[in-house]
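These notes concern the structure reproduced below.
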Amino acid sequence: MAILLLVLGGVLLMGGAEFLVRGASKLAVSAGLSPLVIGLTVVAYGTSMPETAVSVVSAYKGSSELALANVLGSNVCNVLLVLGASALIAPLIVSEQLIRLDVPVMIGITIL
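Residue numbers (the numbering used here): 424 to 535.
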């Protein structure tokens with residue numbers, strides 16, 4: 424039963440992701456905005472909401488450790504898992520500025 428639920432959850436997750444991307448693309452076209460702007464705002468906000476909800480509820484209930492672990496785990500997962508999977512699909516072109524400035528800043532903010 425657990426495997427069936429896992430597979431069903433994966434299928435629903437993929438369907439929901441497809442729905443989100445198509446909806447965001449339509450929103451960009453209808454609003455006359457760049458899809459990049461929509462991706463950096465609406466989609467980013469939507470994908471961050473589960474972590475935000477868990478962190479807020481955890482902090483409210485006094486589980487600050489869970490809230491902190493959720494934020495750190497989300498950042499690490501996004502960088503290592505999502506970026507790594509993307510690089511496996513297609514090579515990523517990374518500028519020197521990204522390596523020298525953006526990555527250390529991101530690591531520093533995550534540590535804070």
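Glycine residues also receive a C-beta, built at the ideal position from the N, C-alpha and C atoms.
Predicted model only: the values in this text are computed from it and were never measured.
Item	Value
Touching or not, the stretch 451 to 467 and the stretch 486 to 502, by the rule of three or more beta carbon pairs under 8 Å?	no
Would you tell me roughly how many angstroms separate the C-alpha atoms of C500 and D525, rounded to the nearest one?	17 Å
Measuring straight from C-alpha to C-alpha, what distance separates L504 and V480?	25 Å
Taking Cβ positions, are N498 and V477 nearer each other than 9 Å?	no
Can you tell me whether DSSP reads N437 as helix, strand or coil?	Here residue 437 is Met; the residue named in the question, Asn, does not match the sequence. Of the three classes helix, strand and coil, the one that applies to M437 here is helix, per DSSP.
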